[in-house]
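In this note's numbering, the protein residues as written are 14 to 147.
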């Protein structure tokens, strides 16, 4: 069975900087997936696609944290909200230095040279259960 769920790339659009990809929007979407019955129907993976990333590395071991302006509560808090809703958090990354949004001038960092630190933080600390690699 393929993974069923929701992805911010398709749902929130590609306006410059992906301004709608925020912690509040992701939390609201988790609640919406549950309240509409989509989660009960199998749509249980909520993927936060490009533009959630910070422009500098400040996490443990050099791991990539969330953009503090878009996710002021941090991705760990968002991950906890998603998990409490009974869903799986997915996160986007790229093997390059910058994400697609970062290459468009946003500066969002990719995982180049930091894959282990990123996965340790995202999966080990935050509990992400799905990684979308570009």
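Using N, Cα and C, we set each Cβ at its ideal position, and we do this for glycine too.
DSSP has residue i in a bridge; who is on the other side?
i: residue 20; result: 60
Could you check the C-alpha separation between residue i and residue j for me, to the nearest Å?
i: residue 19; j: residue 132; result: 21 Å
i: residue 91; j: residue 127; result: 22 Å
i: residue 130; j: residue 60; result: 20 Å
i: residue 31; j: residue 17; result: 23 Å
i: residue 124; j: residue 48; result: 34 Å
On the three-state DSSP scale, how would you describe residue i?
i: residue 12; result: With the chain covering 14 to 147 only, the question about residue 12 has no answer from this structure.
i: residue 79; result: strand
i: residue 146; result: strand
i: residue 87; result: coil
i: residue 40; result: helix
Please specify which runs of the beta strand (DSSP E), each continuous and at least 3 residues long, are wholly inside the region 93 to 137, giving them in chain order.
Within the region 93 to 137, the complete beta strand (DSSP E) runs of at least 3 residues fall at 101 to 106.
Closer than 8 Å is the cut-off here; do at least three beta carbon pairs connect the region 93 to 102 with the region 112 to 131?
With the cut-off at 8 Å, the region 93 to 102 and the region 112 to 131 do not touch.
Check whether the region 75 to 82 touches the region 44 to 56, counting contact only when three or more Cβ pairs, one atom from each stretch, lie closer than 8 Å.
Because the criterion of three Cβ pairs below 8 Å is not met, the region 75 to 82 and the region 44 to 56 do not touch.
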